[in-house]
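When you read off a place in the sequence shown, starting at 1, and then add 60, the result is the number in the numbering used here.
No residue lacks a Cβ here, since even glycine has one placed at the ideal position from N, Cα and C.
None of these values were measured; they are calculated from a predicted model.
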Amino acid sequence: MRAFSRFLLFCAVSYPILIFLTNSIAPYCFRFVPSKLQELSKKAIAEHPNDTKALFRSLVKDLQVEYPGIVADYDENTWVFNVAGGSTGAMMILHASITEYLIIFGSAAGTEGHSGAHLADDYFTILAGRQTAGFLGETEPRVFFPGDQHHHPRFNTAHYTLDNSTWALECAQGIIPAMFPFGLIQMPMTLDVDSMWKTLWYTGKSTVMNLLRGKI
Numbered sequence: 061m062r063a064f065s066r067f068l069l070f071c072a073v074s075y076p077i078l079i080f081l082t083n084s085i086a087p088y089c090f091r092f093v094p095s096k097l098q099e100l101s102k103k104a105i106a107e108h109p110n111d112t113k114a115l116f117r118s119l120v121k122d123l124q125v126e127y128p129g130i131v132a133d134y135d136e137n138t139w140v141f142n143v144a145g146g147s148t149g150a151m152m153i154l155h156a157s158i159t160e161y162l163i164i165f166g167s168a169a170g171t172e173g174h175s176g177a178h179l180a181d182d183y184f185t186i187l188a189g190r191q192t193a194g195f196l197g198e199t200e201p202r203v204f205f206p207g208d209q210h211h212h213p214r215f216n217t218a219h220y221t222l223d224n225s226t227w228a229l230e231c232a233q234g235i236i237p238a239m240f241p242f243g244l245i246q247m248p249m250t251l252d253v254d255s256m257w258k259t260l261w262y263t264g265k266s267t268v269m270n271l272l273r274g275k276i
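What follows is the structure, encoded as structure tokens:
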């Protein structure tokens, strides 16, 4: 009981600090421009409408030109599974830092789940397939197709689905470490040690390397 009370006190003290950091400090650290990410995504889609992996490679090369030094190479060996909010997908981590992440995320078999409520804005640019999203109070889904960018504002929640073979370039901007519990808490139940280890390794490695470059 005492430990739980301390946890509640910690949350009560840290939450307003995180809100201040999210609204006042973090935006000055952002490097990725959502409209540019959408532009580059549309370019790759037009160039490779029927070859998703070629689309990925082309997009990553363009991202590396636009954002030199902070976007990882496209590497088939770095795919990991992620289970969060009840959904299961695969992701490739292209960038991770204190205030931003950039990943390719999706599912060959389709998935659905809860978005979570985060201290970050999320920009989900569809590369292939279709995403639908339902928000509280809405009776019809919002539907997103290749080239569309779904902006999910911080603190908001939704139920979403990805059709089979749906993939997206996802960028989150805010206090990224605050998203870790949502992204990792369900993984131990899968016993997928390989994906858990790789997720922690790639995220930690990218974050440290970006800090050494002066990217918070």
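Endpoints, alpha helix (DSSP H) assigned at residue i
i: ALA86; result: Careful: ALA86 lies outside any alpha helix (DSSP H) and carries neither H nor E.
i: LEU272; result: 253–272
i: VAL125; result: 112–126
Buried versus exposed, by CB contacts within 10 Å (16 or more), residue i
i: ASN270; result: buried
i: SER157; result: buried
i: PRO186; result: Here residue 186 turns out to be Ile, not Pro, going by the sequence shown. Buried.
i: ARG273; result: exposed
i: THR161; result: As written in the sequence, residue 161 is Tyr, which differs from the Thr given in the question. TYR161 should be labelled buried.
i: TYR34; result: Because the chain is modelled from 61 through 276, residue 34 falls outside the range shown and cannot be assessed.
i: HIS211; result: exposed
i: GLU200; result: exposed
Where the beta strand (DSSP E) containing residue i begins and where it ends
i: LEU196; result: Element bounds for LEU196: n/a, residue is neither H nor E.
Residues bridged to residue i [DSSP beta-bridge criterion]
i: GLN191; result: PHE204, LEU222
i: GLY173; result: TYR220
i: ALA232; result: TYR161, ASP182
i: PHE141; result: ALA150
i: HIS211; result: TYR183
Proximity of residue i and residue j at Cβ, strictly below 8 Å
i: ASP181; j: GLY264; result: no
i: GLY176; j: GLY197; result: no
i: TYR134; j: VAL143; result: no
i: GLY166; j: LEU222; result: yes
Residue i at chain C interface by Cβ criterion, 8 Å
i: GLU200; result: Absent here is chain C; the protein component of the structure consists of one chain.
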